[in-house]
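Read through the structure below, which is laid out as structure tokens, and then see the notes.
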DNA sequence: CATTGCAGTATCCTTTTAGTAACTGGTTAC
DNA sequence: GTAACCAGTTACTAAAAGGATACTGCAATG
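Chains as they are written, first to last, in our numbering: chain A, 193 to 310; chain B, 193 to 310.
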């Protein structure tokens, strides 16, 4: 964020906050990473694998779906199943997550790494 | 995050989460942007300008300070004052905030922009 | 020596977020 | 028909985050 005036700064803040809220919460990142690693997943699978309560899972998935980060697909199987998976669009989040990962690692050095040496 | 194995993925997730937690919360971003825009600020100034309760402000500033994102400087003035300001290190957060801003703006298009056209 | 301004804490309260557990409604399998 | 899965919801509880307000301790001012 280079040299912003008042207005630019406020709208930049809003955009950052939007992004922040979308990936905030205890489960958002975990869910996205689960889909990323293991591919599509059914509702019950997620409940069992992650030990998340169905109530919370339902809410989180709805929010992710609203933001077009995951898709919800109903399958006509014997007992009906619903598959969730990340969207191609979700991959664009990489441009945010990658820097966050790098900064997080750098920061760990900055904080812990220098704890003793100073 | 390109093609991570199980372990890499988990540690990447941790780093992302670390970063996320540091800038999460109702006031962190607002505080950093305030320092960025207006420079150093005293405790009472922040309380008044932002309408934040001293209790919460105190906590937020402590957390930011622990993460070396802001400095706390005691001044020997008539009534003693304390100045807070962002550190040079804090500027490295730009590498995270800039992509977050860009993605946030893109996302606003993706979500709102296409609400009508589809 | 009461009043004001400062930084911050202590106490209590409200709101938000997350979790538990029981339940609905539908389908198949016995 | 009843037991067993599925995807979720409902109603309640617990924990975390945030807020309001009064207060402490210190120094200068009047």
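From the three backbone atoms N, C-alpha and C, an ideal C-beta is built for every residue, glycine too.
### Query
By Cβ distance below 6 Å, which residues in the same chain neighbour residue 245/A in space, the five residues on each side in sequence not counted?
none
#### Entry: Same chain, Cβ closer than 8 Å to residue 267/A, five either side skipped, listed in chain order
Taken in chain order, the residues that qualify are 273, 274 and 275.
### CB-CB length for residue 222/A against residue 242/A, believed under 8 Å
Yes, they are in contact, since the Cβ atoms of residue 222/A and residue 242/A sit about 6 Å apart, within 8 Å.
### Query
Leaving out five residues before and five after residue 235/B in sequence, what residues of the same chain have Cβ atoms less than 6 Å from its Cβ?
Cβ neighbours of residue 235/B beyond the five flanking positions: 274.
### Query
Taking just the CA atoms, how far does residue 237/B sit from residue 230/B?
Between the C-alpha atoms of residue 230/B and residue 237/B there is a straight-line separation of about 11 Å.
### Pair within 8 Å by beta-carbon distance, residue 249/B and residue 239/B
The answer is yes: Cβ separation under 8 Å.
### Query
Residues in the stretch 278 to 305 of chain A with C-beta within 8 Å of chain B's C-beta atoms, listed in sequence order?
Contact residues of the stretch 278 to 305 of chain A toward chain B are 281, 284, 285, 286, 287, 288, 289, 290, 291, 292, 293, 294, 295, 296, 297, 298, 299, 300, 302 and 303 (C-beta to C-beta distance below 8 Å).
### Task
For chain B, find out if any of its Cβ atoms is closer than 8 Å to the Cβ of residue 205/A; answer yes or no.
yes
### Message
Rounded to whole angstroms, what is the Cα-Cα separation between residue 294/A and residue 226/A?
### Response
20 Å
### Query
Given residue 264/A, which residues of its chain have a CB within under 8 Å of its CB, disregarding the five upstream and five downstream residues?
253, 257, 274, 275 and 276
### Query
What residues of chain B sit near residue 209/A, judged by a beta carbon separation below 8 Å?
221 and 296
### Message
Using a 10 Å radius around the Cβ and a threshold of 16 neighbouring Cβ atoms, would you call residue 259/A buried or exposed?
### Response
buried
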